[in-house]
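Structure first, then comments.
2 protein chains.
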Amino acid sequence: MKNKITDLLKIKYPIIQAPMAGGITTSQLVSEVSNSGGLGMIGAGYMTSEQIKKQCREIKQLTTGNFGINLFVPNEFNFTDESITFANEKLEPIRKELNVQEPDTLDIPQFKQVVNSFNEQIKVVIEEKIPICSFTFGIPSEEIIHELKRKNIMLIGTATTVSEAVEIENKGMDMVVVQGSEAGGHRGNFIKDTQESLVGLMSLVPQVVDSVRIPVIAAGGIMDGRGLMASLCLGAQGVQMGTAFLTCAESGANRLHKDAILNTEEDNIILTRAFSGKWARGIKNKFTSDMKECEALLPDFPIQNSLTKRIRKESSLQGRDDFMSLWSGQSPRLAKEQSVSTLINSIIKEAKSIQEGVQSLRGGWIE
Amino acid sequence: MKNKITDLLKIKYPIIQAPMAGGITTSQLVSEVSNSGGLGMIGAGYMTSEQIKKQCREIKQLTTGNFGINLFVPNEFNFTDESITFANEKLEPIRKELNVQEPDTLDIPQFKQVVNSFNEQIKVVIEEKIPICSFTFGIPSEEIIHELKRKNIMLIGTATTVSEAVEIENKGMDMVVVQGSEAGGHRGNFIKDTQESLVGLMSLVPQVVDSVRIPVIAAGGIMDGRGLMASLCLGAQGVQMGTAFLTCAESGANRLHKDAILNTEEDNIILTRAFSGKWARGIKNKFTSDMKECEALLPDFPIQNSLTKRIRKESSLQGRDDFMSLWSGQSPRLAKEQSVSTLINSIIKEAKSIQEGVQSLRGGWIE
C-alpha cells in the first residue's frame with residue numbers, strides 16, 4: 001500500500017484537516033493538527049491577504065510542522081436586479097424576525113474584485129512560503145499554477161467526478177482530493193452540475209484511482225480509523241476530514257454549530273443553496289425549510305452569500321441556530337467533542353486494530 | 001474481524017448477489033453465484049408465486065449451494081384519475097414515437113391485489129423451503145415475520161438510514177442490508193423521504209454498525225475486492241453487489257442494458273421516479289430527460305410502473321435504449337462483461353492483495 005503522500009506532505013499520518021472557511025480553522029486548530037502528526041489547513045476562501053499573513057505568522061509560532069492553505073478559485077457569476085429583489089423579498093420575513101435592517105448599500109461583489117482578491121491571496125501564499133496550497137471550485141490559471149510550482153509549493157485540486165480529477169492532473173497539480181457526496185459544506189463540482197456530481201466515496205475513489213496517476217485523498221463522511229482504513233482499501237493514499245475536526249475543542253466553529261452537529265442524525269442533513277447560492281451540505285433548520293421551495297431561483301454564489309451574511313451573523317448573536325449555516329458531513333453520529341490530539345490518536349489506534357482484524361482474515365475466507 | 005454471515009448464510013465468501021427484479025436474476029446467474037462461493041438471490045419483486053416455484057426448482061437442479069429470494073413489501077399508494085391523465089399526456093409523445101397503442105383497459109393495480117400477491121409469494125417461499133428471504137420497501141407484518149422464523153428462514157431487511165436499520169432489528173430480522181446512496185435501482189427508504197435517505201456508504205455503514213447488533217451487509221457501488229475490503233473495514237460483515245453481477249454473462253439483463261452500463265460514466269447516472277413512481281438510480285437517457293421537469297407530479301409506484309410498462313418493453317424490442325430503465329449503481333466504470341466465477345475469483349484475489357498491503361502498513365505510519 002504505497003503512501004507517498006506522507007513523504008510529499010512531510011507528515012506522520014495520512015490525515016489532512018479539511019480547510020473549512022469562515023473562522024473554523026483557527027491557528028490553534030491548524031497547528032495542533034500538525035503537532036499531532038496530521039496536516040493542518042487554513043480555510044482561507046473568505047480571508048483577505050492581510051488576514052492570511054497574520055494567521056501564517058501565528059501558526060509558525062505554534063508549530064514547526066508543515067501546514068497548508070485552501071483558496072476558492074473565482075467562478076464567473078451572473079445576476080439580475082430581479083433575482084436580488086426576489087431573494088430580498090424571500091429574506092424579508094427572516095430579517096424582520098431577527099430585527100436585522102437591510103443594508104443601505106448592498107455589498108454586491110463584482111467578478112473583477114473577486115479575481116483581484118484571489119490574486120492578492122496567491123501573492124501572500126508565495127510571500128509567506130506556505131508549502132501546500134489546495135483549491136476548491138475549479139482550477140487556477142496556467143500562469144498561477146506555473147508560478148506556484150516554480151516556488152516549490154505543493155498543489156492539491158478538489159474533484160467530485162473522474163473527469164474533474166483527470167483535468168486536475170492534466171493541469172499539473174500534484175494531488176487530488178476527491179469529495180464524495182457525503183461531504184459537508186460547499187460542493188466542489190466545476191464541470192457537471194451538482195446533482196450529477198453527487199457520487200459516494202465507495203464509487204468515486206476506485207474510479208478516480210483507476211484514471212489518474214497522482215495521489216488521491218478521500219474526503220466526505222470520514223470520521224475515524226474505520227473511514228481511514230476503508231479509504232486506503234479503496235486506493236486512496238490518505239483522507240481529508242472536516243466535520244470530525246469542526247467539533248474539536250481547538251476549532252473556531254460557533255458553539256451553536258458544534259452543538260447542532262453533536263445532536264443531529266444522518267437523515268437530518270440535506271443539500272441547500274439558500275445560504276450562499278452554491279449547493280452545500282448541512283443540517284436542516286428553519287432557514288433551509290423556509291427557503292426550500294424557492295432556492296433554485298436565488299442568485300448565484302457569492303451574491304446570495306452576501307445577501308444572507310447579516311442574517312447568519314445576527315442569528316448566531318441571538319443564540320439561535322435557526323438561520324445559521326450548520327455545515328456538516330453525513331456522519332454526525334460519529335462526531336465527538338474532544339481535543340485534536342485525542343481525535344488523531346484514536347484514529348491511529350483504531351486503524352491499528354482494524355489492521356490486525358484484516359490480518360486475521362487469513363485462514364478464514366481468504367486462504 | 002467477525003464474520004458470522006458466512007456461517008449464517010452457509011456460504012464461502014461474504015458476497016451476496018443483489019436480487020435485481022425484472023428478469024435479471026436468471027437461474028443460471030443465481031446458481032452460478034452460489035456455485036462460486038457467494039449467495040445467489042432471486043429478485044422476485046414482480047414475480048408470481050408460480051414463477052417463483054418454477055425458478056426455485058430450476059435453481060435446485062443447478063446448485064446444491066444456498067440461495068435466497070427478495071420480495072417487495074407492499075406500500076399503500078394513492079392516485080387520482082387526474083394524475084393518471086397527466087402522466088398519460090406526458091407519455092403520449094413517447095408512445096407515438098414508438099408506435100405503442102395506449103392499452104384499452106389500463107391495468108392499474110389495486111392495493112388489495114398487491115397484498116394478495118405478496119401473501120402468495122410468502123406462501124411459496126415457505127412451501128419451497130427457500131432458506132433466506134430478504135425484503136425491500138419496508139418490513140413485513142409481525143405475523144409474516146413470525147411465520148417465516150418458525151420455518152427457520154433467515155430474514156434480511158433493507159435500510160437506507162440508521163433508524164430504518166434499528167427498526168429492522170427491533171422487528172426481529174436476522175441481518176440488515178444497508179443501501180448506500182451509490183446503489184442502482186429502486187431506493188429502499190421507508191421512513192424518511194428519498195432525498196434525506198441518500199447517505200453514502202462511507203457514512204452509513206459505521207453509523208449503522210454502531211447502532212445495531214445484527215450483522216450489517218453493505219450495498220451500493222461495490223464492484224471489486226477494494227469495495228469488499230473497504231466495507232469490512234467500515235464494520236460490515238459482507239457486501240451485496242448488483243451492477244457488478246448485472247453485466248455478467250449469466251445475467252438475464254437486456255443486451256442494451258448491459259451495453260449502456262459498460263459504456264457510461266459515473267456522472268451520467270441519476271435519480272429518477274419517472275419509470276415507476278418510486279425513486280431509482282439509473283443511466284440518464286431520453287426518457288429521464290424528457291420527463292425530468294414533471295416527474296414529481298407523476299403517480300406513485302406501482303401505478304406509474306404500469307403506465308410505462310409497454311413503453312419500456314417496446315423500446316427494448318426496437319433495439320433502442322432511449323426509453324428503457326437502465327438501472328445502474330454509481331460505479332459503471334468498474335463494470336466488466338465476464339462470467340460470475342471470474343468476477344468472484346477476481347474479487348477474492350484482489351481482497352487478498354489488499355490484505356497484504358494492509359499488513360505492510362505496519363512499520364510505516366502504523367507502529
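Top line first, the protein sequences correspond to chains A and B.
Residue numbers for the first sequence follow the UniProt record's numbering, so the first one is 1 and each next one is one higher.
Residue numbers for the second sequence follow the UniProt record's numbering, so the first one is 1 and each next one is one higher.
Ideal Cβ placement from N, Cα and C applies to all residues, glycine included.
Bear in mind that the values here come from a model prediction, so they are computed numbers and not experimental data.
At a Cβ-Cβ threshold of 7 Å, F135/B and V73/B count as neighbours.
A straight line joining the alpha-carbon of F111/B with that of F77/B spans about 7 Å. N99/B sits exposed, since fewer than 16 C-beta atoms from the chains shown fall within 10 Å of its C-beta. Going by DSSP, V166/B is part of the alpha helix (DSSP H) stretching over 162-170.
If only uninterrupted alpha helix (DSSP H) runs of at least 4 residues are considered, those enclosed by the region 203-287 of chain B are 225-234, 243-246, 255-262. Assigned with DSSP and collapsed to three states, L198/A falls in coil, not helix or strand. In this structure, DSSP gives A335/A a state outside helix and strand, which the three-state scheme calls coil. Within 9 Å of the CB of K12/A, the CB atoms of chain B belong to W365, in sequence order along the chain. Secondary structure of I126/B (DSSP, three-state): helix. Relative to the Cα of R95/A, the nearest Cα in the group T308/A, D107/A, E58/A, P302/A belongs to T308/A.
Within its own chain, the residues whose Cβ lies closer than 7 Å to the Cβ of V124/A, once the five positions on either side in sequence are excluded, are S49, I52, K53, listed in chain order. Contact residues of the region 163-176 of chain A toward chain B are S163 (C-beta to C-beta distance below 8 Å).
A direct Cα-to-Cα measurement between D322/A and N152/A gives close to 44 Å. Nearest CB-CB separation between E266/B and chain A: below the 7 Å threshold.
Within chain B, no C-beta atom comes nearer than 9 Å to that of L8/A; the closest sits roughly 14 Å away.
Runs of beta strand (DSSP E) with 3 or more residues, each lying fully within the region 48-109 of chain B, are found at 67-72, listed in chain order. Separation of the CB atoms of L9/B and M154/B is rounded to 7 Å, and the pair is thereby assigned contact status at 8 Å. Interface flag for P74/A against chain B is unset, since no Cβ pair is found closer than 7 Å. By the criterion of a C-beta distance shorter than 7 Å, F86/B is surrounded in its chain by L297, once the five residues flanking it on both sides are discounted. Annotation: Q61/A to Q28/A spans about 10 Å, alpha carbon to alpha carbon. A residue is called buried once 16 or more other Cβ atoms fall within 10 Å of its Cβ, and N263/A, having fewer, is exposed. The beta-carbon distance between G225/A and K349/A, rounded to whole angstroms, is 7 Å. This is short enough to meet the 8 Å contact definition. With a contact defined as Cβ atoms closer than 8 Å, G200/A and E182/A qualify at about 7 Å.
In terms of beta-carbon proximity, T161/A lines the interface with chain B, with at least one pair separated by less than 7 Å.
Exposure of C294/A is indicated by the presence of fewer than 16 other C-beta atoms within 10 angstroms of its C-beta. Close to chain B, meaning a Cβ-Cβ distance shorter than 9 Å, are the following residues of the region 214-234 of chain A: A218, G220, G221, I222, M223, D224, G225, R226, G227, L228, M229, A230, S231, L232, C233, L234.
Between the region 255-274 of chain B and the region 169-178 of chain B, the count of C-beta pairs closer than 8 Å stays below three; the two stretches do not touch. For A159/A, the secondary structure class from DSSP, reduced to helix, strand or coil, is strand. Using a C-beta cut-off of 8 Å, the region 276-283 of chain B makes no contact with the region 338-347 of chain B, since fewer than three inter-stretch Cβ pairs fall below that distance. In terms of Cβ geometry, I270/A and K286/A do not form a close pair [threshold 7 Å].
Exposed is the label assigned to L317/A, since fewer than 16 other Cβ atoms lie within 10 Å of its Cβ. The three-state secondary structure of L9/A, taken from DSSP, is coil. For G357/B, there is no enclosing beta strand (DSSP E); the enclosing alpha helix (DSSP H) has its first and last residue at 340-360. One Cα belongs to S353/B, the other to N189/B, and the distance between them is close to 35 Å. Taking a contact to require three or more Cβ pairs closer than 8 Å, the region 237-250 of chain A and the region 234-247 of chain B do not qualify as touching.
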